[in-house]
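One structure below.
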Amino acid sequence: MTPGTVFISHRAEYGKLVHELERAIEKNSRGKIDVFISEEIPRGAAWRAAIEAQLQNAESLFLVYGAPYEDWSWCFYEAGYFAALAAREKNTSRRIYCIARADVPAPGPLSDLQMVTNADQLVDALNDIYRRNAVEYNPAELRACIRQMSKALFGTLAEYTTYPRIYFTANDADFISSKGIPPGAVMRGEEVAMNDLFGIAKASVKWEDIAGTDSGSDLSQEQVFRSKWIEETSNIVLAARENKFIAPQTVLIGRGGRRFRFLLYGARIQGDGIYCCEFLAIDEVGGPPALGLSRQLLSLLTSIRMGFRFRYELIEHFPNDFDELSEEDRQARIQEIPRIVGNLTTESDARGNVSLEDLLSGFDDFEGARIRKLCSQWPILEKEMYKALGVSADGKVITDQGLRGANIERFRIAFDALRLMNIEFLSRCCGRVSRIMTKPEDDLKNNARLLDEKIKALTRPEVRAAA
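For the sequence shown, our numbering assigns the number 16 to the initial residue and increments by one for each residue that follows.
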């Protein structure tokens, strides 16, 4: 042990703050007190052995503790290792200081430690370390430095609680024997929020009761979007367990037609073996196309929206210069194009494109056959584009020959074919909606006359006076 040495244990999120504390201690002690933080371990070094060596060398350990819901397992290991050293050596000079906010309960494993919950207590702790090691320092300067960072160290942790929080929970072990969501899974939240979202005024509802409420082919639009939300939320829960994030695309239509988008706030496996996903249920202003439309028209409008997005976010976004790319640009295209395609196809599925048959029902036999053929050709183009990029269907690089050699021409052909497909698809869908919505010119002239009359009626003096 080296007298005076301080080891600061912390999570990575608190790194900037810990560096400030390190500089304050070393500056005020005129370099007589050494401070160690894990970021200072050289790259490539055996970090675990290096940390244990520093723990053995330290006289004091500062644990900068934040929120209980964060994972502190490694910090608790460091503190436990340090405490075991002190017990084994019967060395009373080895001390642990837990720096925490006053409104945060002491962590269970370290509840017997000296809790430092304000700037004055931290100054007192440092004064004690300086005095024990006969370090000359300026008390006023030390107090000023600590007070400058006291808000970040001891201020209340702000959490935004404007939106309802809904919790998905299930036994983690049950996922092993189940391909999807385990039967015992539960959604819970405040009763008012659960009623607004699911129409069930209970604080806790089985997932199967939520997921099993809609079935069959003859579903209302609300049920269709609910079904899509159930499928997407299931995928989000399963992906989060594998440390993957899926951005939400669908909305849940609750009571009174309110729309909610579920944003994954956090996922964790708790100490009791329960897997928990925490969602924020955010009011959605836009959401899917307007309810009340026929499934036919809903599919047409969704197809037009996605057709324009394909045109301007993908087709028009990339110039036809694939054989002139620098290595940096080549790599960027290989990463960017699958990401854009993935986002667009995900949104297309979530936004209300109910089925191919719903879309085809809006066309006559000839146009319907052309739309069907265009839709059948898209998987071929997608496969060939990914092959030319050298990536798999999920965007992972499988060869370093993407956009090289013959793959440049393969991609150019597929990309040109996509452009031609997009032109025809948009033209036919827009034309069909135009024919549905277009009124005869005589009707429009009559509407214009009636509109002018109503505007004039509203602007008469007696109408304004009554208002």
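Glycine included, every Cβ here is placed at the ideal spot set by N, Cα and C.
These numbers come from a predicted model, not from an experiment.
Problem - Local conformation of D458 per DSSP, three classes - result: Looking at D458 - three-state DSSP - the assignment turns out to be helix.
Review point. Whose C-alpha, out of A115, A134 and A65, is nearest the C-alpha of W87?
Key: Closest by alpha carbon: A115.
- Query: So, A200 versus P179, is the Cβ gap smaller than 7 Å?
  - Reply: Going by C-beta atoms, A200 is not nearer than 7 Å to P179.
- Chain-order list of residues whose beta-carbon lies under 6 Å from that of G302 (same chain, five-residue window excluded): With a pLDDT of 48 at G302, under the threshold of 50, the modelled position of this residue cannot be trusted; read the value that follows with caution. The beta carbon of G302 is closer than 6 Å to those of V266 and R274 in its chain, skipping five residues each way along the sequence.
C-beta atoms of F77 and N133 nearer than 7 Å = Contact: no.
Could you give the residue range of the alpha helix (DSSP H) that holds D298?
Where D298 is concerned, there is no enclosing alpha helix (DSSP H), although the beta strand (DSSP E) it sits in stretches over I289 to D298.
Going by the beta-carbon positions, is the gap between L279 and I251 smaller than 7 Å?
Taking 7 Å as the Cβ cut-off, L279 and I251 qualify as a contacting pair.
Subject >> L141 versus P197 - alpha carbon distance >> reply: Taking the straight line from one Cα to the other gives about 52 Å.
Check your understanding: For M452, is the classification buried or exposed, using 16 other Cβ atoms within 10 angstroms of its Cβ as the cut-off for buried?
Key -> Counting Cβ neighbours within 10 Å, M452 comes out exposed, since fewer than 16 surround it.
### Message
DSSP has Y182 in a bridge; who is on the other side?
### Response
R203 and E293, per the DSSP bridge assignment.
**Prompt:** Is the segment 284 to 299 in contact with the segment 390 to 409, if contact means three or more CB pairs nearer than 8 Å?
**Reply:** No, because fewer than three Cβ pairs between the segment 284 to 299 and the segment 390 to 409 fall closer than 8 Å, the two stretches do not touch.
Q) Would the beta-carbon of N43 fall within 7 Å of that of E156? A) Yes.
Considering just the uninterrupted stretch of the alpha helix (DSSP H) at L36, what are its terminal residues?
Looking at the DSSP string, the run of the alpha helix (DSSP H) that includes L36 is G30 to N43.
* Asked: Would you call the segment 246 to 262 and the segment 316 to 328 touching, i.e. three or more CB-CB distances under 8 Å?
  -> At 8 Å Cβ cutoff, the stretches do not touch.
Taking DSSP as the reference, what is the three-state secondary structure of P303?
Because the pLDDT of P303 is 48, which lies under 50, any placement of that residue in the model is unreliable, and the question is left without a value.
Rounded C-alpha distance that separates G123 from S75
Rounded to the nearest whole angstrom, the CA to CA distance from G123 to S75 is 20 Å.
Q) Considering only the beta carbon of each residue, do A218 and E237 sit closer than 7 Å? A) No, they are not a contact pair.
Proximal residues to H25 (C-beta, below 6 Å), its chain only, five neighbours per side dropped | Taken in chain order, the residues that qualify are V33 and V79.
Q.
Let me make sure I understand the geometry here. Which of D379, V448, P334 and D224 has the alpha-carbon closest to that of L308?
A. Out of D379, V448, P334 and D224, V448 has the C-alpha closest to the C-alpha of L308.
My output table needs one value for I144: the three-state DSSP class, helix, strand or coil. Helix, per DSSP.
Exercise for review: Give the DSSP-derived three-state secondary structure of M130 in the structure shown.
Suggested key: If DSSP states are grouped into helix, strand and coil, M130 belongs with the strands.
| request: Following the continuous alpha helix (DSSP H) through L404, name the residue where it begins and the one where it ends. | output: Per DSSP, L404 belongs to the alpha helix (DSSP H) from D380 to L404.
*asked:* In the DSSP output, what is S24 paired with across the bridge?
replied: DSSP lists L78 as partners of S24.
Next on the checklist: By the three-class DSSP mapping on this structure, what secondary structure does I56 have?
Outcome noted: In the displayed model, I56 falls within coil according to three-state DSSP, outside both helix and strand.
**Request:** Could you spell out the range, first to last residue, of the beta strand (DSSP E) harbouring G420?
**Result:** Element bounds for G420: n/a, residue is neither H nor E.
*How is T107 classed by DSSP in three states: helix, strand or coil?*
Residue state, collapsed to three classes: coil.
Shortest alpha-carbon distance to V356 belongs to which of C390, M321 and G19? Minimum Cα distance to V356 is reached at M321.
> Span of the beta strand (DSSP E) holding L70?
Replying inline: Residue range W62 to N72 is occupied by the alpha helix (DSSP H) that includes L70, with no beta strand (DSSP E) assigned at that position.
Suppose you measure from the CA of A82 to the CA of P154; what does that come to, to the nearest Å? Their backbone Cα atoms lie some 30 Å apart in a straight line.
* Asked: Around the C-beta of G29, are 16 or more other C-beta atoms found within 10 angstroms, so that it is buried, or is it exposed?
  -> Per the sequence presented here, residue 29 reads as Tyr, with Gly not at that position. The residue is buried, with at least 16 neighbouring Cβ atoms inside 10 Å.
Residues that E275 bridges to, as DSSP identifies them
The sequence as given places Phe at residue 275; Glu does not occur at that position. Per DSSP, L267 and D298.
Q.
Tell me which residue opens and which closes the alpha helix (DSSP H) that K166 is part of.
A. DSSP places K166 inside the alpha helix (DSSP H), whose first and last residues are S165 to F169.
field: Span separating the alpha-carbon of F426 from that of R203
entry: Taking the straight line from one Cα to the other gives about 48 Å.
**Item:** V50 versus D127: straight-line alpha-carbon distance, rounded
**Value:** Looking at the two C-alpha atoms, the distance is approximately 24 Å.
- Query: Got a sec? Which residues, its chain only, sit under 6 Å from S165 by beta carbon, not counting five neighbours each side?
  - Reply: Once the five neighbours on either side are set aside, the close Cβ partners of S165 are A134.
Beta bridge counterpart(s) of R158 as assigned by DSSP: Partner residues in a beta bridge of R158, as assigned by DSSP, do not exist.
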